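Counting from 10, one number per residue, gives the positions in the sequence shown under the working numbering.
Where is the CB? At the ideal position from N, CA and C, for every residue including glycine.
Since the model is a prediction, treat every value here as computed from it, not as a measurement.
Notes follow the structure.
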Amino acid sequence: QHVGKQPRVREASFGSQLSKFKPNVVFLLDSWRSLSLPPAIDDEQRYVEELIQAHLARWKQLSDRFGCHVVQCAFDFPQEEAYGYLAGSLAGGRTRLLELINLRMVSEAATYVSILGTDAVQREVGNVTWQDSAMWYAFQQHPSTEALPALADAMMAHVRAVLGLTRKVLITDLDNTLWGGVIGEAGLSGIKIGPGSPHGEAHAHLQNYMLELKSRGILLAVASKNNHEDAIMPFQQHKQMLLHMEDFAAFEANWNDKASSIRTIAQKLNLGLDSVVFLDDNPLEREWVRSQLPDVSVVELGPTVYSYVRDLDRPRYFFSLALSEEDRSRSQLYQTETVRKNIEATSQSLDEFLANLQLRASCSPVSPENLVRVTQLTNKTNQFNLTTRRYSEAQVGSLAVDRGCWTAAFHLADRMGDYGLIGVIFCRLIDTGAWEIDTWLMSCRVLGREMEKFMFDRLIEAAQEQGVPEVYGIFRRTEKNILVEEHYDRLGFERIHDAPSERRYRLAVPTGATLTATHIRHEGR
């Protein structure tokens, strides 16, 4: 590459083996070495533009061919730079170019593309570790062998996010975790939190980090061995406390063992244990939870509070690729659910409870406006999920525009507030002219609201409108979806195949109107 010449990007070529493999995720592992950049380029703007256009074409080709999610590695930076400061300050300087390219890739990435911050991984491991010139000149290996585990960790964070395997709730201890000291012994004035001591400021830093997690949709909860009155006191009365009682979706302060408290919290939140991250300063408590709840991710904390935020952040437990409105309001949704449960407890019957809620629901096609949330549900929902098929945003988008498919996204609200987008159905047209239900899932937050009946009503209406004579359903058993094992039986489907791993059902579409969800008003018709 010479000064003034334009970038050469290898033309994408995807062989038959990759086509047979049908990847869900494809990584593009570029580095600064692949560009062969000189110290400076004459036409900075033109160079960046042509390189970005080449990347856009490559991403689109992968998406069109495989319907996969594309993870593009950002460009790292040379370990040595002869121009030094000038490489970043001069127009067309090598460091400046790489920074501009990385920023443009992030801003231009489609919904089916995420940019892996290779430059951040490089900073994490350090320049000396990142690059091994001997390995490069001998084997063309980049980065170094020592840096590969850190890069692999970052790559797997993207995979977990695409497949819906990121964690949803952080359960924390209190004494010597959220503050310094033991509240039951030291009292309100004796614990350390906030300005006044280095330990107190470090604990405040952890609390602030947790508030930032909450703001992007991560639920916070407490599991503490404490008297309940002592445990809640700092959140209500300590002036330096950043977290307050309303920030927690669940609060277990008692003398039960921590594993039991974590189980209780998961049950209250209708979440699996594989959604949980547990934070506790006590190594014995951490080992106990690991031994009893292997699905829970237990943070291995360092010996002092000064590393707690780093220890919690480094494993990327909560890494995500998009932020929906449901994410932003999730904590409030769970707090509202507590009020609903109080109403349920005082109702004389289920009918009375549902009538008091004044439920309202709507159904709309999958579209660019709801694509992010629909994809999240497709990849995160486990319990009420008939087939547990996972799809990338690109694949969901393809289903949405496929004329042989019917897609539906369902919203629910009541007099207490909006549950948001909580259900999805995908149907595919098969050779006989019937529909096969590819995906039927629903958030467990709305169990017991007749929402599955409302979804069934809309499915039958759509089949009638499009002249579909039969609907086929599939139940694929997993470890987590036993809840819906009899779902199609309850709706009147005929079981036509029964195997240990899969059941198949058939339903003749009725000619008349159906209404099974009697307590939900259909809005948006």
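Alpha carbon to alpha carbon, how far is residue j from residue i? Give it in angstroms, no decimals.
i      : j      : result
Val178 : Val298 : 16 Å
Gln88  : Leu228 : 40 Å
Gly476 : Val493 : 28 Å
Val307 : Val285 : 9 Å
Thr448 : Ser338 : 26 Å
Ala147 : Asp141 : 10 Å
Asp289 : Tyr317 : 10 Å
His528 : Phe393 : 20 Å
Lys489 : Lys389 : 12 Å
Glu1   : Met451 : An answer regarding residue 1 cannot be provided, because it is not within the stretch 10 to 534 covered by the chain.
Ile50  : Val405 : 41 Å
Leu516 : Glu133 : 56 Å
Glu346 : His151 : 51 Å
His531 : Gly173 : 30 Å
Trp444 : Asp336 : 32 Å
Pro478 : His506 : 19 Å
Gly135 : Gly97  : 19 Å
Leu37  : Phe30  : 16 Å
Leu107 : Cys453 : 45 Å
Ala211 : Asn351 : 38 Å
Leu310 : Arg169 : 23 Å
Ala66  : Asn291 : 51 Å
Gly190 : Leu302 : 27 Å
Leu125 : Thr104 : 18 Å
Ala240 : Leu222 : 22 Å
Gln15  : Gln385 : Residue placement at Gln15 cannot be trusted, given a pLDDT of 48 that sits under 50; the coordinates are not used to answer.
Lys248 : Glu238 : 17 Å
Trp188 : Tyr428 : 34 Å
Tyr497 : Tyr326 : 35 Å
Report, in whole angstroms, the separation of the C-beta atoms of residue i and residue j, which I expect to be a contact under 8 Å.
i      : j      : result
Leu430 : His420 : 5 Å
Val433 : Val383 : 6 Å
Gly102 : Tyr92  : 6 Å
Asn235 : Ile192 : 7 Å
Asp274 : Glu294 : In the sequence on display, residue 274 carries Ile and not Asp. Not really, about 15 Å apart at Cβ, beyond 8 Å.
Give the range of the beta strand (DSSP E) segment to which residue i is assigned.
i      : result
Ser333 : Unbroken run through Ser333: none, as it is neither H nor E.
Tyr514 : 511-517
Val178 : 178-181
Glu503 : 503-507
Asn3   : Residue 3 lies beyond the stretch modelled for the chain, which goes from 10 to 534, so this question has no answer here.
Gln81  : 78-82
Ala232 : 228-234
Phe287 : 285-288
Val35  : 34-37
If you follow the alpha helix (DSSP H) that residue i is in, where does it begin and where does it stop?
i      : result
Tyr343 : 339-355
Val168 : 157-171
Gln216 : 207-224
Ser269 : 267-277
Leu106 : 103-117
Ile124 : Counting along the chain, Ile124 falls outside any alpha helix (DSSP H), though it belongs to the beta strand (DSSP E) covering 122-125.
Lys29  : 25-30
Val298 : 292-301
Leu380 : 380-389
Tyr317 : 317-322
Glu495 : No alpha helix (DSSP H) contains Glu495, which DSSP labels as neither H nor E.
Thr138 : 136-139
Gln473 : 460-474
Do the CB positions of residue i and residue j come within less than 7 Å of each other?
i      : j      : result
Ala422 : Arg369 : yes
Cys82  : Val35  : no
Ser329 : Thr175 : yes
Val122 : Trp68  : yes
Asp85  : Ser40  : yes
Ala258 : Tyr315 : no
Met254 : Val348 : no
Glu379 : Ala418 : The question names Glu, but residue 379 in the sequence shown is Asn. Their beta carbons are under 7 Å apart, which means Asn379 touches Ala418 by this criterion.
Leu395 : Phe484 : yes
Ser233 : Asp266 : no
Gly209 : Ile202 : yes
Val57  : Ile110 : yes
Val305 : Leu321 : no
Thr120 : Glu402 : yes
Pro157 : Val130 : Inspection of the sequence shows that residue 157 is occupied by Leu rather than by Pro. Contact flag unset, no.
Phe463 : Gly482 : no
State the beta-bridge partners of residue i as determined by DSSP.
i      : result
Met451 : Gly432
Ile483 : Arg513
His568 : Outside the shown range of the chain (10 to 534) lies residue 568, about which nothing can therefore be said.
His420 : Ser371, Leu430
Tyr437 : Just to set this straight, residue 437 is Arg in the shown sequence, not Tyr. DSSP lists Cys414, Glu445 as partners of Arg437.
Lys201 : Gly189
Ala49  : Gly102
Val307 : Phe287
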